[in-house]
Structures are given as C-alpha cells and as structure tokens.
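Below is one structure, written out as structure tokens; comments come after it.
Number of protein chains: 2
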Amino acid sequence: MSTSRPDLSRFAINQITTRDWTLAQAVDGYARAGVRGIGAWVQYVDDAGTAAAARLIREAGLFVPCLCTTAWVNLADSTAYRAALAENRRRLDMAAEIGAKTLVVVPGGLATGERDLAAARRRVAEALAELLPYARSVGVALGLEPLHPMYAADRSCLSTFAHCLDLCELLGTGAGIVADVYHCWWDPNFIAGLEKAGPDRILTFHLCDWLVPTRDVYQDRGMVGDGVIDIAGYRAVLDRIGYDGPFEIEIFSKLDWWLRDGAETTRIAVERCAPFVSPRPQAKAA
Amino acid sequence: MSTSRPDLSRFAINQITTRDWTLAQAVDGYARAGVRGIGAWVQYVDDAGTAAAARLIREAGLFVPCLCTTAWVNLADSTAYRAALAENRRRLDMAAEIGAKTLVVVPGGLATGERDLAAARRRVAEALAELLPYARSVGVALGLEPLHPMYAADRSCLSTFAHCLDLCELLGTGAGIVADVYHCWWDPNFIAGLEKAGPDRILTFHLCDWLVPTRDVYQDRGMVGDGVIDIAGYRAVLDRIGYDGPFEIEIFSKLDWWLRDGAETTRIAVERCAPFVSPRPQAKAA
C-alpha cells in the first residue's frame, strides 16, 4: 500500500451525509471515491425499491454496515404501537435484503404529552424484546445507538452508552451497539463503555465532529476535523480493544455540507477520515 | 395558609431569568411578587457595586441561594489560569458579602485547540481543590452544577450528576451540587444521583423546562410547564430524600422570556412554580 492511497476497506459513508443524492447516486459517488461501504437509509431504499437497491449496492461491491433506522415506537396508542412494530419487521426484512448487518435503533423519545422518561425507556425495551426474535430470524442485528441527550425528548430516549449496553445485556444475542462519537464524546463513561462492550458488540462506529458553536440542535454536525472531538483518541481505544468493524461517517448538516455537491462532500469525507479508518495494525500484521 | 396564597418561602428567581433587569429592579420586582429569594449573577452585582448589592438584597429580606458563576478555568496558559483562580477568590468574597451560600461552578469546557476532555476535567478538579480552602474560609460552598452535555465543549465539562458527585466526594466538605432539571432530566442516573447525594449535598435546585423543539442550543430554555420535564416527579424524589433547600427558577430564553417585561416573566414564573416549591410536607408537620 502506498502512502498516497489510503486503505478504505473498513470505511463507509452514511448516505444521509449526502442528503440530496438518491441511493443510485450515492452508490456511484462513493464507489468512484474508493469508499467501500454505504450506510443506507430506509427512505432512499424505498425510493429505489428494495430489490433494485440491493442490486445496485451488490453490483458496486459496497458493504452495508447498517440501515437507518427503526420506526419510532414512542406511541401510547396500542394500535399505532403495533403498526410501528410491524413497520420495524418490514425494515428488518429490508436490511436483510440489501445486505445490511444492522438495523439502527432510534426509537423516538417521549410520546405526545408524556413526561415519564423511565416509562418511555421501558416501552423501548419491550419493543426491542419483541422484535429481537424476528431480527435473529432474518440475520440482522438490532443496533442500539446511544443518541445525544439533547435528543432524549424527541428522537431517542436511549441517551447513554451505559444504558444501551445494559439493555443489550438484557436482550442477549442479536443486539449490539452503534457508537457515534457525536453522541457520546462528552460522556465521562464512553471509553469505559467501549471497553466493556468489547469488539463484538460494537456493530459499527460512526464518525462526525462537534462544532463550536453548534448552531442547530439537530442538523449542525461537523465534518471530521472541523470540531473538538478527539477522534484519534477513540480510534486508539478501539484498536486496543480489538475492534475490526466498520467506520462510517455520518453528518447532518443543513447549514453546510448538505448545501454542497455530494461529490465534494464525499471527496472531503474521504480525505478527513482516511487517517482514522485504516485496518488495525495488529489485524494487518496477522 | 389559604390555598390562594402559595408559600414561597423556599422559592427564588435566578436573575438571569429577567435578563434586562438590573439587580435593583430584580430585587424590587421579585419582592413585590412575593418571591423570597434571588439567585444572583456576578455581572449584575458588579454593576450595582457589591456593598450596595448586599444592602439592597438584605433590606428586601431576600435569601440568596447562589451566586452565578465561577470564572472559567479552561485555560492552558498558566498566567491566565492563575488569574482565573484569583478572579474566583474575588467571586467567593462577593458571594460571602451578598449572603450567597453557594458559588455556582461553571468552569468552562475545552481550552482553545484542546480535544482532551479528560484533561479538561482533571484541570477543573485541580482548580476546585485549590479554591476550596478559600471557599471554606469565607463560608461559601462550591456548587458543582452538572451542565447539559451539549455544553461540554464550550461552557462546562462537568456533564453528569454522577461525575459531579464523585468530584464532591474527592473534594470533601465545602463542595456540593447545584442540580438543574434542564441539565439532568435526560440522565438515566439522575434520580439515583439525587438519592446518593442526599439532602445536604444538594445546595440549590433549579427549575426550568425542556422545549420541544429546542430552537437554540444555549438560550431557548422553557418556562416551567411549557416543556416535557416531569418536575412533579423530581419534586417527589426530593421530598422523599428530605431535601428542604431552595427551589430556583432559571431560564435562558432569548427567543421568548427575555423579550418580555421582567414583571410579566416574574408573575408567570411564580404562577408556574408555586405547585412545586412549597415546604416539604413532613417538614411542615415537624
């Protein structure tokens, strides 16, 4: 391997990063840039049709670290809640069909009018326990993603790595963690959580950066290198615990990156992430 | 006590809630509304002059649950860092002079260019250990306030209740917790933290609400009742553990409450908080 050609064998771009590209455009654009994987989103797969999406991805030779995301289950109405579980079974089928190893669990926060966050968390645990046998049957993992606490009310009540890991242990085989530096970097227990989880329960690892200032609660995430997150430090932790899984950049950025052409975002994502996504030294030597 | 006149003996308004009022206006406005305490801020006390501020507050008969805040110590340059410690000694003197029991610790986040959050947290621990003997000597507690994780980079690297409590235990007498529902409500360990801290280490308890959506990371906090936080539930926890300390509303709201007249904000704050700030039933009976 020459120093000028980074090894991108573990590297994926999560397609929300190039929001305005269709799945076909993203598959093509990533593959042209040498990226080896694509993090898929349900709406783009639906737009393409699942069978066509699976074919596009397969023909481009891309791996699929995850499909984003579960339908929210923050529903007090039991009919709506059952419908959300059914939709999540459909999404597990979709993940299996496109070759995604993991369906990312973003379950919603509080139900409308609800203030009981503990109850919301119990509801999510119940929903996941109910979905898990189906997930196992189709060979797709449930990837619990700790989301930043600022999303606890309205996007996900799974707010810490430790809480997600506890839930994984309760659920057992077929549940794991989707770790994202954006959501976890502030957590005094993040590194301990990675160590406790170990390499097998970390299903995919998302890269992003925290901007100072952050101008929008939801859609002002930064390109790797533009913020304050010690990505090299977390990479070192992952090497130490033996993580050989995917690295996947995922950026929500209505104020910057979503305004640019997808090819530019892709090119810069590759440049910025290359130092952090190479094979683990020990793994390479083995 | 008639049901139409709430008991406000534990209730303070943190003066940032009425941002455009001077200290004199806030003291007068709160006292007219029957509020019994004022959470003070350094800049308003400086504007009034500390001796004059102390006299104003004393003559109005208001208690002062806290003075906000410490000067930031997120400074890699040692001269600047020493100057920040000296400024914090001045603020401890100020707190003592105006009768504030607690100086709220908001120590800053990362230093400029820094990515090592653990190092930032160690620096804060060292700064507090150095300040503590002085704080004890002037009879003012260091009130460690867990700030929401979304402020970890640029306002405070003290991001969780558990982390602050660990630090209090290391520091010993003279250090306690300033708990704010806005910063902690998302935390799966918040209630356990309150229980572990116990009533004596909770120096003051801030009320606020989390709005959905939150339109600004820093200054879009909600009036009590307008958001999703289960304030009644936390009040019940505080009663159970025997907390008899202050309740203090604190709102940063450039999009709403700061645009209103201070008297209106004060009136509505009293209405909204009255159900949550009464004496503890057991304490009343005793």
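Protein chains in written order, with this note's numbering: chain H, 998 to 1283; chain W, 998 to 1283. All C-beta atoms in this analysis are idealised placements derived from N, C-alpha and C, irrespective of residue type, glycine included.
Backbone CA spacing between residue i and residue j [nearest angstrom]
{"i": "residue 1189(H)", "j": "residue 1176(H)", "result": "13 angstroms"}
{"i": "residue 1028(W)", "j": "residue 1179(W)", "result": "25 angstroms"}
{"i": "residue 1287(W)", "j": "residue 1215(W)", "result": "No statement about residue 1287(W) is possible, as the shown extent of chain W runs from 998 to 1283 and does not include it."}
{"i": "residue 1270(H)", "j": "residue 1258(W)", "result": "50 angstroms"}
{"i": "residue 1231(W)", "j": "residue 1232(H)", "result": "38 angstroms"}
{"i": "residue 1043(W)", "j": "residue 1049(W)", "result": "10 angstroms"}
{"i": "residue 1126(H)", "j": "residue 1168(H)", "result": "6 angstroms"}
{"i": "residue 1017(W)", "j": "residue 1053(W)", "result": "18 angstroms"}
{"i": "residue 1199(H)", "j": "residue 1023(H)", "result": "25 angstroms"}
{"i": "residue 1056(H)", "j": "residue 1095(H)", "result": "11 angstroms"}
{"i": "residue 1110(H)", "j": "residue 1224(W)", "result": "9 angstroms"}
{"i": "residue 1210(W)", "j": "residue 1250(W)", "result": "14 angstroms"}
{"i": "residue 1164(H)", "j": "residue 1234(W)", "result": "25 angstroms"}
{"i": "residue 1192(W)", "j": "residue 1238(W)", "result": "6 angstroms"}
{"i": "residue 1039(W)", "j": "residue 1264(H)", "result": "48 angstroms"}
{"i": "residue 1246(H)", "j": "residue 1277(H)", "result": "18 angstroms"}
{"i": "residue 1153(H)", "j": "residue 1186(W)", "result": "16 angstroms"}
{"i": "residue 1002(W)", "j": "residue 1267(W)", "result": "11 angstroms"}
{"i": "residue 1004(H)", "j": "residue 1115(H)", "result": "44 angstroms"}
{"i": "residue 1184(H)", "j": "residue 1142(W)", "result": "16 angstroms"}
{"i": "residue 1120(W)", "j": "residue 1120(H)", "result": "40 angstroms"}
{"i": "residue 1021(W)", "j": "residue 1203(W)", "result": "22 angstroms"}
{"i": "residue 1244(H)", "j": "residue 1025(W)", "result": "58 angstroms"}
Own chain, CB closer than 7 angstroms to residue i, minus 5 neighbours either side, in chain order
{"i": "residue 1194(W)", "result": "1162 and 1174"}
{"i": "residue 1150(H)", "result": "1106 and 1107"}
{"i": "residue 1222(H)", "result": "1206 and 1269"}
{"i": "residue 1171(W)", "result": "1129, 1132, 1133, 1138 and 1139"}
{"i": "residue 1248(H)", "result": "1014, 1205, 1218, 1220 and 1254"}
Own chain, CB closer than 8 angstroms to residue i, minus 5 neighbours either side, in chain order
{"i": "residue 1081(W)", "result": "1068, 1069, 1070, 1072 and 1124"}
{"i": "residue 1229(W)", "result": "1272 and 1273"}
{"i": "residue 1019(W)", "result": "1041, 1044 and 1045"}
{"i": "residue 1252(H)", "result": "1212, 1213, 1216 and 1217"}
Contact set for residue i: own chain, Cβ-Cβ below 6 angstroms, skip 5 residues either direction
{"i": "residue 1006(W)", "result": "1033"}
{"i": "residue 1219(W)", "result": "1206 and 1208"}
{"i": "residue 1226(H)", "result": "1178, 1182, 1206 and 1207"}
{"i": "residue 1280(H)", "result": "1241"}
{"i": "residue 1159(W)", "result": "1186 and 1190"}
{"i": "residue 1256(H)", "result": "none"}
{"i": "residue 1047(W)", "result": "1091 and 1094"}
{"i": "residue 1236(W)", "result": "1277"}
{"i": "residue 1051(H)", "result": "1094 and 1095"}
Burial state of residue i, where buried means 16 or more other Cβ atoms lie within 10 Å
{"i": "residue 1275(W)", "result": "buried"}
{"i": "residue 1261(H)", "result": "exposed"}
{"i": "residue 1242(H)", "result": "buried"}
{"i": "residue 1075(W)", "result": "exposed"}
{"i": "residue 1079(W)", "result": "exposed"}
{"i": "residue 1157(W)", "result": "buried"}
{"i": "residue 1132(H)", "result": "buried"}
{"i": "residue 1083(H)", "result": "exposed"}
{"i": "residue 1197(W)", "result": "exposed"}
{"i": "residue 1037(H)", "result": "buried"}
{"i": "residue 1104(H)", "result": "buried"}
{"i": "residue 999(W)", "result": "In this prediction, residue 999(W) has a pLDDT of 46, which is less than 50 and means its spatial position is unreliable; what the coordinates show is noted afterwards. Per the 10 Å Cβ criterion, exposed."}
{"i": "residue 1155(W)", "result": "buried"}
{"i": "residue 1058(W)", "result": "exposed"}
{"i": "residue 1117(H)", "result": "buried"}
{"i": "residue 1077(H)", "result": "exposed"}
Under 7 angstroms from the C-beta of residue i: neighbouring residues of chain W
{"i": "residue 1113(H)", "result": "1227"}
Amino acids of chain W, ordered along the chain, whose beta-carbon sits closer than 9 angstroms to that of residue i
{"i": "residue 1107(H)", "result": "1209 and 1225"}
{"i": "residue 1214(H)", "result": "1147, 1210, 1211, 1212, 1213, 1214 and 1217"}
Residues that residue i contacts on chain W, provided the C-beta gap is smaller than 8 angstroms
{"i": "residue 1145(H)", "result": "1146 and 1147"}
{"i": "residue 1156(H)", "result": "1183, 1184 and 1185"}
Chain H contact residues for residue i, given Cβ-Cβ distances below 7 angstroms
{"i": "residue 1150(W)", "result": "1207, 1209 and 1225"}
Interface residues of chain H facing residue i [CB-CB closer than 9 angstroms]
{"i": "residue 1160(W)", "result": "1185 and 1186"}
Residue i: CB within 6 angstroms of a non-hydrogen atom of the ligand ATP
{"i": "residue 1246(H)", "result": "Annotation note on the ligand ATP: not contained in the displayed structure, which lists no ligands."}
Can at least three beta-carbon pairs, one atom from the stretch 1082 to 1097 of chain W and one from the stretch 1125 to 1144 of chain W, be found at a separation below 8 angstroms? Enough Cβ pairs lie closer than 8 angstroms, so yes.
Are the stretch 1098 to 1106 of chain W and the stretch 1048 to 1068 of chain W in contact at 8 angstroms, needing three or more beta carbon pairs? Using a C-beta cut-off of 8 angstroms, the stretch 1098 to 1106 of chain W makes contact with the stretch 1048 to 1068 of chain W, since at least three inter-stretch Cβ pairs fall below that distance.
Below 8 angstroms, can you find three or more Cβ-Cβ pairs linking the stretch 1030 to 1050 of chain H to the stretch 1006 to 1022 of chain W? no
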